[in-house]
């Protein structure tokens with residue numbers, strides 16, 4: 101079943117994109133416990149990859165076992181989205197998602213992410229440009245060698261294809277879905293204006309976080325606003341997935357029914373707790389084993405990188421531990437796999 105058919109065949113529970121969090125090692129770890137119905141990459145700059153930012157392609161690495169996999173891109177330059185769409189098609193993603201919801205100042209101050217909510221004309225240009233990139237790639241009109249990127253970038257793109265075991269061409273590539281992930285507004289709820297504008301672009305699906313840009317991740321997600329957006333989506337015949345403050349699998353299914361959405365994205369609640377997608381409680385041994393598995397995946401996928409970025413995850417795996425304080429003091433000094441494994445006795449001792 102191709103991705104487009106799949107998302108119409110059932111209610112979806114997806115792993116939400118999280119910048120600096122949902123890299124390939126995180127997603128591989130999640131899949132080891134339980135693969136969500138749909139998985140998003142962390143977002144990557146459309147301008148960055150279209151201009152040859154070789155290191156950024158690490159953010160687009162994925163394993164074939166992660167399907168269905170959606171690549172998320174952000175930015176403000178429509179032409180860059182055209183090129184980025186061609187690149188993501190060549191990489192074999194099942195879907196391409198445009199981020200119009202990130203609240204980070206480093207993103208919004210440049211007119212990207214949630215800042216696009218106040219720039220509907222630019223948002224339209226970006227969607228149209230991305231769609232054109234998809235159409236031109238899938239028709240054979242444009243390939244990655246036609247968009248003016250460096251040979252070093254082309255080499256890394258092929259490395260990514262080998263990693264994901266994707267060797268297809270436009271002739272056997274199923275056209276990816278096109279979607280947008282956004283928020284209910286910038287300073288206040290503008291769902292009645294913003295959501296119909298997005299829906300007018302015939303997206304395959306829309307993901308909506310129930311907070312404003314100003315809120316960031318503070319306060320509570322406004323699920324009534326999501327419900328209102330869902331009513332617009334139903335009228336337009338577009339799928340809509342809700343996001344925000346969902347912490348358990350039963351709650352996800354409850355919210356699907358209560359707020360009339362077609363799916364739920366779970367994000368922060370999966371950090372240190374990939375079991376959120378199974379509705380089971382892990383033992384201390386389960387947590388420690390998975391923490392080590394996560395580290396092993398990280399070093400396998402990113403052999404050139406230090407373990408430092410994983411400490412935040414290690415701390416979350418230790419959350420709720422009877423000796424959490426003592427463990428945290430040791431975890432913050434972990435620099436190697438060997439040092440992590442050496443914590444086993446401490447971790448398993450209550």
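Residue numbers (the numbering used here): 101 to 450.
Beta carbons are placed, not taken as given, at the ideal position from N, Cα and C, and that holds for glycine.
Presumed contact (8 Å Cβ cut-off) between residue 211 and residue 219, rounded CB distance: Here residue 211 is taken as the residue at index 111 of the chain shown, counted from 1. Here residue 219 is taken as the residue at index 119 of the chain shown, counted from 1. With 8 Å as the limit, residue 211 and residue 219 qualify as a contact, their Cβ atoms being about 7 Å apart.
Can you name, in chain order, every residue of its own chain whose Cβ lies under 6 Å from the Cβ of residue 347, other than the five neighbours on each side? Working through the chain shown from its first residue, we reach residue 347 at position 247. Excluding positions up to five away in sequence, the list reads 369.
I'd like to know whether the C-beta of residue 167 is nearer than 8 Å to at least one C-beta of chain B. The chain labelled as chain B is not found in the depicted structure, where only one protein chain is given.
Along the chain, where does the beta strand (DSSP E) that runs through residue 311 open and close? In the chain shown, counting from the first residue as 1, residue 311 sits at position 211. Unbroken beta strand (DSSP E) run through residue 311: 305-312.
Can you give me the Cβ contacts of residue 159 inside the same chain, cut-off strictly under 6 Å, excluding the 5 residues immediately before and after it? As a first step, residue 159 must be located in the chain shown, where it is residue number 59. Only 142, 144 meet the Cβ criterion.
How long is the line joining the alpha carbons of residue 135 and residue 247, rounded to whole angstroms? The sequence position of residue 135 within the chain shown is 35, counting from 1. The sequence position of residue 247 within the chain shown is 147, counting from 1. Their Cα atoms are separated by approximately 34 Å.
On the three-state DSSP scale, how would you describe residue 386? Here residue 386 refers to the residue found at position 286 when the chain shown is read from its first residue. Helix.
Rounded to a whole number of angstroms, what is the C-alpha to C-alpha distance between residue 300 and residue 349? Here residue 300 refers to the residue found at position 200 of the chain shown. Here residue 349 refers to the residue found at position 249 of the chain shown. Straight-line Cα distance between these residues: approximately 32 Å.
With residue 279 as the anchor, note down where its beta strand (DSSP E) starts and where it stops. Residue numbering aside, residue 279 sits at position 179 when the chain shown is read from its first letter. Segment 277-285, the beta strand (DSSP E) holding residue 279.
If you count every other CB in all the chains shown that lies within 10 Å of the CB of residue 317, and 16 or more means buried, which is it? The count along the chain shown starts at 1 and reaches residue 317 at position 217. Result: exposed.
For the beta strand (DSSP E) containing residue 217, name the first residue and the last one. In the chain shown, the residue the question calls residue 217 occupies position 117. Looking at the DSSP string, residue 217 is not in any beta strand (DSSP E), and its letter there is neither H nor E.
Status (buried if at least 16 other CB within 10 Å, exposed otherwise) for residue 240: Counting from 1 along the chain shown, the entry for residue 240 is found at position 140. Residue 240 comes out exposed.
Span separating the alpha-carbon of residue 234 from that of residue 391: Residue numbering aside, residue 234 sits at position 134 when the chain shown is read from its first letter. Residue numbering aside, residue 391 sits at position 291 when the chain shown is read from its first letter. Approximately 38 Å, taken between the alpha carbons.
Extent of the continuous beta strand (DSSP E) run through residue 197: Within the chain shown, residue 197 is the residue found at index 97, counting from 1. Note, residue 197: beta strand (DSSP E), 195-200.
Run through the segment 362-413 for me and flag every whole beta strand (DSSP E) of 3 or more residues, listed as ranges in chain order. 363-366
Under 8 Å, with one C-beta from each stretch per pair, do the segment 352-359 and the segment 414-426 reach the 3-pair mark? no
Return the Cβ separation of residue 139 and residue 166 in integer angstroms, given the expectation that the two are a contact with Cβ distance under 8 Å. As a first step, residue 139 must be located in the chain shown, where it is residue number 39. As a first step, residue 166 must be located in the chain shown, where it is residue number 66. Residue 139 to residue 166, Cβ: 5 Å. Contact.
What do you get for residue 147, buried or exposed, if any count of 16 or more other CB atoms within 10 angstroms of its CB means buried? Here residue 147 is taken as the residue at index 47 of the chain shown, counted from 1. So residue 147 ends up on the buried side.
Can you tell me which of 193, 285, 228 puts its alpha carbon nearest to the alpha carbon of residue 273? The residue you call residue 273 lines up with position 173 of the chain shown. Nearest option by C-alpha distance: 193.
Does DSSP classify residue 343 as helix, strand or coil? Residue numbering aside, residue 343 sits at position 243 when the chain shown is read from its first letter. Residue 343: strand per DSSP, three-state reduction.
Assuming residue 338 contacts residue 303 under a Cβ cut-off of 8 Å, what Cβ separation, rounded to an integer in Å, is found between them? What you label residue 338 is simply residue 238 of the chain shown in a count that begins at 1. What you label residue 303 is simply residue 203 of the chain shown in a count that begins at 1. Rounded, the Cβ-Cβ distance is 6 Å, consistent with contact.
Contact between the segment 279-298 and the segment 252-269 is defined here as three or more beta-carbon pairs at a separation below 8 Å; is this criterion met? no
Which residue's Cα is closest to the Cα of residue 423: 449, 437, 322? Locating residue 423 in the chain shown gives position 323, where the first residue counts as 1. The shortest C-alpha separation from residue 423 is found at 449.
When burial is assigned at 16 or more other CB atoms within 10 Å of the CB, is residue 293 buried or exposed? Numbered from 1 along the chain shown, position 193 holds the residue referred to as residue 293. Its Cβ having fewer than 16 others within 10 Å, residue 293 is exposed.
Count the other CB atoms within 10 Å of the CB of residue 378; is the residue buried (16 or more) or exposed (fewer)? Locating residue 378 in the chain shown gives position 278, where the first residue counts as 1. It is exposed - the Cβ of residue 378 has fewer than 16 other Cβ atoms within 10 Å.
Would you decide whether residue 108 is buried or exposed? Buried here means 16 or more other CB atoms lie within 10 Å of its CB. Translated into positions along the chain shown, residue 108 becomes position 8. Counting Cβ neighbours within 10 Å, residue 108 comes out exposed, since fewer than 16 surround it.
What's the gap between the Cα of residue 172 and the Cα of residue 191? Indexing the chain shown from 1 puts residue 172 at position 72. Indexing the chain shown from 1 puts residue 191 at position 91. Rounded to the nearest angstrom, the two C-alpha atoms are 13 Å apart.
With residue 140 as the anchor, note down where its beta strand (DSSP E) starts and where it stops. Indexing the chain shown from 1 puts residue 140 at position 40. Residues 138-140.
With 16 as the cutoff for other CB atoms within 10 Å, does residue 374 come out buried or exposed? On the chain shown, position 274 is the one that residue 374 refers to. Under this definition residue 374 is a buried residue.
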